[in-house]
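Following: one structure in structure tokens, then a few remarks.
Numbering (this note's numbering), first residue to last: 1430 to 1530.
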């Protein structure tokens, strides 16, 4: 019978630098609302939401989507996040998008 023993402290020491390196890479890609400009262009909104041009056009055509057309097509960042918060409960209760397993 084969028996293995692990030194968890040595394993943690070996893995920790790699995990931290990977996390730093992911954090560089993510942006918080406070790091964004107050008004987003269409392309910036597409990058934040990670959506295609087609989906951006569809969203901006919705009457409840926070688009400001007076100064070109701009989206207020604070209203965009409010819109997302407002619509997330509908997605949770009407689709299986957030269900695990």
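Cβ atoms here follow ideal geometry from the backbone N, Cα and C, with glycine treated the same way.
Expected contact under 8 Å - CB spacing of residue 1506 and residue 1478 to nearest Å: In fact, because the Cβ distance is near 12 Å, the residues do not count as touching under 8 Å.
Going by C-alpha to C-alpha distance, which of 1444, 1447, 1492, 1501 sits closest to residue 1472? 1501
By the 10 Å Cβ neighbour count, where 16 or more other Cβ atoms means buried, how is residue 1431 classified, buried or exposed? exposed
What's the gap between the Cα of residue 1456 and the Cα of residue 1450? Low local confidence applies: a pLDDT of 48 at residue 1456 is under 50, so the model's placement there is unreliable, with the coordinate-based value given in what follows. Distance between the alpha carbons of residue 1456 and residue 1450 is about 10 Å.
Reference residue 1503, options 1490, 1514, 1515, closest by Cα: 1490
Find the nearest neighbour of residue 1466 within the set 1509, 1513, 1516, judged by alpha-carbon distance. 1509
Take the Cβ of residue 1474 as the centre, count every other Cβ of all protein chains shown within 10 Å, and call the residue buried at 16 or more, exposed below. buried
Mapping DSSP to helix, strand and coil, what is residue 1456? Because residue 1456 carries a pLDDT of 48, less than 50, the predicted location of this residue cannot be relied on, and the following value inherits that uncertainty. Helix, per DSSP.
Would you please state the rounded distance, in angstroms, between the beta carbons of residue 1494 and residue 1483? I believe it to be under 8 Å. Going by Cβ atoms, the distance from residue 1494 to residue 1483 rounds to 15 Å, so no, they are not a contact pair.
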